[in-house]
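These notes are about the structure you will find just below.
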Amino acid sequence: RAVALATDMESGDQSLIYRESATGPFAENAEILAAARQAIQDDRSKVYELSGKRIFVETFNPPQRMLIVGAVHIAQPLSRMASVAGYDVTVIDPRGSFATKERFPGISLNGVWADDAMKELDPDRRTAVVTLTHDPKLDDPGLEVALKSDAFYIGALGSRKTHAGRVERLTEAGFTEAEISRIHAPVGLNIGSISPAEIAVSILAQITEVLHRKIEARAAA
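With the numbering used here applied, the sequence shown covers 128 to 348.
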């Protein structure tokens with residue numbers, strides 16, 4: 128559970144503030160509660176001047192998550208790199224010959240169909256979703272769930288031609304142009320990547336860029 132510790136820097140009084148509840152001396156202070164919950168959302172610790180007090184709000188959030196649809200070659204280095212970067216990674220693929228512990232040591236595997244897996248995992252605003260299979264039967268259902276979620280990043284592997292077909296299918300499924308535009312495709316920053324590991328670098332770099340731009344935008348709002 129995400130939580131913030133609000134500390135009065137003069138008296139030492141402290142409260143634990145969750146998204147839906149709070150304990151301690153500031154539990155009824157609307158100004159401090161609002162600031163702490165905004166800090167949780169922005170994932171930033173900060174000193175505030177609130178209610179005539181200097182309050183240090185320290186945030187403790189669960190790890191960012193990355194849901195990767197498709198236990199393909201690119202998913203192997205991407206899952207490892209994302210884990211090193213602090214993400215809680217799950218690789219989703221119903222194909223048992225692909226999604227194996229030998230190919231993804233130390234990575235959580237989900238062996239059900241992408242739409243069911245995504246509904247179960249429930250992507251939120253701290254979740255990045257990447258689809259990598261090139262197979263509409265696997266990628267599209269996962270994308271449909273992701274587009275209805277608050278995932279901060281959605282990316283899909285494939286050429287511009289492949290993505291044009293994807294856009295057509297999603298449009299027929301009832302998604303708007305604005306909703307479909309959330310998908311980063313072709314996925315990753317354009318750094319001339321060729322090998323699976325290089326493509327994984329470009330994807331993780333783009334996810335990092337999007338994440339921090341959104342955090343900065345929220346902080347400036």
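Glycine included, C-beta positions come from ideal geometry on N, C-alpha and C.
Fair warning: this is a prediction, and the values are worked out from it, not measured in the lab.
Three or more beta-carbon pairs separated by less than 8 Å link the stretch 136-151 to the stretch 175-189, which places the two stretches in contact. Note on geometry: alpha-carbon atoms of Arg207 and Asn156 lie some 43 Å from one another. Pairing Ala202 with Leu259 gives a Cβ-Cβ distance under 9 Å. Ranking Leu316, Leu274 and Ala324 by CA distance to the CA of Gly301 puts Leu274 first. About 6 Å separates the beta carbons of Val314 and Val257, which is inside the 8 Å limit, making them a contact pair. Take the alpha-carbon of Pro250 and the one of Ile219: they are about 13 Å apart. The alpha-carbon of Thr150 is positioned some 29 Å away from that of Leu248. Annotation for Ile195: the continuous beta strand (DSSP E) segment containing it runs Arg192 to Val196.
By the C-beta criterion, the stretch 224-233 is judged not to be in contact with the stretch 161-175, since fewer than 3 inter-stretch pairs fall below 8 Å. By the criterion of at least three beta-carbon pairs nearer than 8 Å, the stretch 188-202 is in contact with the stretch 321-332.
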